[in-house]
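Protein chains in written order, with our numbering: chain A, 642 to 877; chain B, 75 to 555; chain C, 2 to 102; chain D, 1154 to 1651.
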């Protein structure tokens, strides 16, 4: 099945590949049927943890249950997951510098669109961040929208000033995880458990974390789009 | 007793995360920052050990919510031993990599390595199967990035294949988590253990999770990705992949097997044992056939991982202890071996086994490290490997399943064959001069120290077993005798 | 609740189809996409079955999916860049030898 | 930890620590290395003497360290172990002197003496082991420590010999391991007990016990070079002469034979072994080995190779003495443990002297060498006559007791074996003596080195003279207190006491 498109005798290769596909389809269909059966065998009513969440939502600091789970009840997952994002970026950067592309000029449409859309997107991101406390929304949604703005700018040929591509950029990337971790540790040092918010401050702390996270997520996603670390002086 | 109240386990997760961030922020100081963090982690793990000895197994509710709503961390003797293993090997690798990487590579190595360490500690401490998924991904991505750090077509291809396999494994695992959560409404291991009962969804979840984890643990025949990834990575990375990363997914598998899937039944256990035995033999044979030292060591990892699975059909405390001992002694020994191979590569620029005679005579400490590690790998006394072999053999005979002992014995003979094949070159005379690069003393000595750890593991068994019995991770009434 | 199971079954289907594509295709981009399809399948199962409640769907499963998506995005980004590097180094966006599966 | 618990550890440490230090000594620090070696050897001998004296006065020396749950690392000095410890200590001292002289100026000496010390540590550990797992531990350590000594020269032949040695010994060690673990699962203990600890076990599993016996003896028989497991020994003689001397006289071969004694006496118990019916086959294997080794020795022209086959034959005497169920034969077997060591080490020293001084490796080159090196050949002659069994030398005592014991136990056939073997011994030693003393030398020796007025360096000459004297002394003074013979009697009274 490898090199299927090469100049080798195509017919033989093709028929073997077809055989293989057929052979593969059998166990995979069995797998699908088995999994489907397993899914269907689940009870048709299951509250999951929604009752637990509802019971504790009052003291979680936010009224949107998903945000409450993400940043409070299971905030530790989110902390590690910000780590995953940062780590992916580190991995990408360790692979080398961003490929230099000789880009054609972005063109009128993109130019105009980016000017028009970027401020709007930043605004939307801010809104999503704010609304996450009581309705669908939150740091990830806001962060991705922010990243869209960044990607749009990058497509339009904009590059970060070299003054900012060193430590400031890295600070921006680390901010989300850093603030999260700092809050977690401070709360622990204050006598509670890791990430144990006092109910009265919970809302404010969550917003602080989310703001930092939004910023970092946006930056990180946009930076990932570049496909490598920004080399000093190589870009405008 | 204030120091006993510090949540040392949590510190062991936070510190490497903080270390990773600071290494990333200030790359010029990455090395001192990394070393300080490494030392601090070792202290934390020691603190946790003391805490466990004083107070028994510990459960820690992150955010103060407690399972099933929140995420729990849990530490018992098994956790502690894994953390200690990670700390010892991690410290060794940290010191070793001071000499190994140049400035440019070091600034990428340190944050990635700190992330990997954080992922390992978080994984070993987690008591929540979804949280385990997140740590698995953190671990996988860090490991892939570290493999790719070597550059070159081999390493990049190896890393790519590793990434695909790792993601596939994680997804299988995650689908299993989804089924378990929707069956019992919890992702906390202890809660699940109480509620779990046999049903089609649970069997599907078990199949998916075990398959995913086996893929990541590289049990034969799912080992195809391991040799290329482990052999092409930079030496300290190979060491930590073989010593620690593959053990992490095995650890999860072990926990699930003991806690959530006790109904899995003898047939599945026999299957795992069979695959383990096949891995032992296949890995050993392949290792013998290799012409490159690092490939050889990587295949030996495949074989050694097989030993771990021999404990499943034996299902006795002695058997589990034996598997755990394989795990610990292999970690130390394999670290030493990859470090030794790294020294040889660093010195002579190649790792072709037939040309080793020109190299090893100038690196007596390195070849000593390799030989000592080899003693443990092939299970000759006095070493951790011997104790492991003894315990597994004893468990096999006691349970009347002596055929697992045959795999054990043959595997040991195969390892002996390749260890002595390599060590034999140390005694060949070769006057051929060659250009060489002096190996930093730290690299030679760390390799030797790790090998000595593997040997010492065989002499301090009762202490380690006492630690392992904290919280009785394998059930029963204690002593493995 | 029939729709919940319907979506979940679609999720299972996506998972298997993704797996099929992952094994069949040699090109790395297709493999990465296949993994993304698999991930979507898993997320669909996770989130669809959360609707088996009276009233508000289970928010924990939703949170898990959001976490999972971010993880998947990160992994995909790393995989894509790695694929580019493999292509630069070997001239092909394929693995030298197929995994044995 | 009081003195009596620490002493066995000190005996081990007296060679282990110098060995570890020596590894890190630079090649040119000859004086430091030699003094470390000698100091360690003398210290070990003194400590061994103290322990013998203590045991004679009823003290117990026992070190117990936990190794595994239910299993200890047990070092215990009993009468049998002291026989071996004292033998090793004396011969190590002598061999060290010899090795220092022999290897003067050759490369990699730090490595050599490091492993040399480890090798002796392992041997003493084997001797002092108080249970089977401790025995196994040191037995395997011995394998590992001797391999570098055998391949020391680094030639292709040496490496091939090393590989053969490893294939045999690692396989043997594995059999021993299987037997040991199996035995442990059945008996629940592995501690050596006079008259064995298995006879109290329920008789239900006697088949298993026989299989375990075979496994253990096969594992030990590799090192003891019982046929058909002897293949490595003749090859291993490529090692430097002091290594061959130590290998054949104390370390490896004796460790195997000693292990067989332990298994038969202190694991199974001689009576229980006889009940199981395993002693007669063992005696037959030993007898076959005696004859086979001697026959092969007859046809070797290489001197060290002839000596190697002679070892195969002679060590089997020890096993034979044990396998003939009877106290008198047992005395013969045990005392041969010492006597064979003393005689064989002399022979190897002399062979080394010939090779080192004159470049002689083959018997056909030995014509008239007695006139060139009278002292060396005198020592050789004494040891050779001892081997043949001429009174009043050491070998005579062993054979006398073996023969008497065989008659006493009603195993008359053994007499024929002994007689045949003595004839063969004479057959392969006397021609050497004749050639050395009575034939006229060739014009020039193969590769002669000048040593001034002496026939060779004093460090090479003194050791064989000392051991030749010992050969004479243990024979002449066999009935003196503390002689090997008296000690062997002391041991057998324990085993056969009712």
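The beta carbon of each residue, even a glycine, is placed where N, CA and C say it ideally should be.
Burial check for residue 1171 of chain D: the Cβ neighbour count within 10 Å reaches 16 or more, so the residue is buried. Per the coordinates, the alpha-carbon of residue 338 of chain B lies some 12 Å from the alpha-carbon of residue 389 of chain B. Straight through space, the alpha carbons of residue 117 of chain B and residue 291 of chain B are spaced by roughly 29 Å. Per DSSP, residue 1228 of chain D is one residue of the beta strand (DSSP E) stretching across 1224-1230. For residue 1609 of chain D, the secondary structure class from DSSP, reduced to helix, strand or coil, is coil. Three or more beta-carbon pairs separated by less than 8 Å link the region 1492-1503 of chain D to the region 1537-1551 of chain D, which places the two stretches in contact. At a cut-off of 4 residues, the continuous stretches assigned as alpha helix (DSSP H) that sit fully inside the region 278-311 of chain B are 300-306.
DSSP places residue 145 of chain B in the strand class (E or B) of the three-state scheme.
The residues 1514, in chain order, have a CB closer than 6 Å to that of residue 1508 of chain D in the same chain once the five nearest residues on each side in sequence are set aside. Residue environment for residue 1206 of chain D: exposed (fewer than 16 other C-beta atoms within 10 angstroms of its C-beta).
Neighbours of residue 54 of chain C across chain A, judged by C-beta separation under 8 Å: 686, 687, 688, 689 and 691.
Excluding its 5 nearest sequence neighbours in each direction, residue 753 of chain A has no C-beta neighbour in its own chain below 8 Å.
Against chain B, a Cβ distance below 7 Å from residue 1172 of chain D picks out nothing, because the smallest value is about 13 Å. Rounded to the nearest angstrom, the Cβ distance from residue 1503 of chain D to residue 1533 of chain D is 4 Å, consistent with a contact under 8 Å. Taking 7 Å as the upper bound on Cβ-Cβ separation, chain A lies near residues 137, 138, 139, 142, 143, 144 and 145 of the region 137-164 of chain B.
Cβ-Cβ separation between residue 1167 of chain D and residue 1189 of chain D: approximately 11 Å, too far for a contact (criterion under 8 Å).
The contact set of residue 208 of chain B on chain C, defined by CB atoms closer than 8 Å, consists of 68 and 72 in chain order.
Taking a C-beta distance under 8 Å as the contact criterion, residue 99 of chain B and residue 43 of chain C do not qualify as a contact pair.
Taking a 10 Å sphere around the C-beta of residue 1572 of chain D, we find fewer than 16 other C-beta atoms and assign the residue as exposed.
Under the three-state reduction of DSSP, residue 838 of chain A is assigned to coil, being neither helix nor strand. When rounded, the separation of the alpha-carbon atoms in residue 1535 of chain D and residue 1461 of chain D is 18 Å.
Taking the Cα positions, residue 284 of chain B is about 18 Å away from residue 200 of chain B. Judged by their CB atoms, residue 261 of chain B and residue 202 of chain B are nearer to each other than the 8 Å cut-off. Residue range 132-136 is occupied by the beta strand (DSSP E) that includes residue 135 of chain B.
Nearest CB-CB separation between residue 818 of chain A and chain B: below the 8 Å threshold. In summary, the residues of the region 77-91 of chain C whose CB is separated from some CB of chain B by less than 8 Å are 79, 80, 83, 84, 86, 87, 90 and 91, in the order they occur in the chain. In chain order, 79 and 83 make up the part of chain C whose C-beta sits under 8 Å from the C-beta of residue 218 of chain B. DSSP places residue 1163 of chain D within a helical segment (H, G or I) once states are collapsed to three.
In the three-state reduction of the DSSP assignment, residue 1588 of chain D falls in the helix class. Here residue 1215 of chain D is bridged, per DSSP, to D/1229. Under a criterion of Cβ atoms nearer than 8 Å, the residues of chain A adjacent to residue 24 of chain C are, in order, 665.
Closer than 8 Å to the CB of residue 490 of chain B there is at least one CB belonging to chain D. Our two residues, residue 288 of chain B and residue 1251 of chain D, have alpha carbons roughly 58 Å apart in a direct line. In this structure, the beta-carbon distance from residue 703 of chain A to residue 696 of chain A does not fall below 8 Å. For the alpha helix (DSSP H) assignment, the uninterrupted runs of no fewer than 4 residues enclosed by the region 1517-1541 of chain D are, from N- to C-terminal side, 1522-1525 and 1527-1541.
At least one CB of chain A lies nearer than 8 Å to the CB of residue 95 of chain B.
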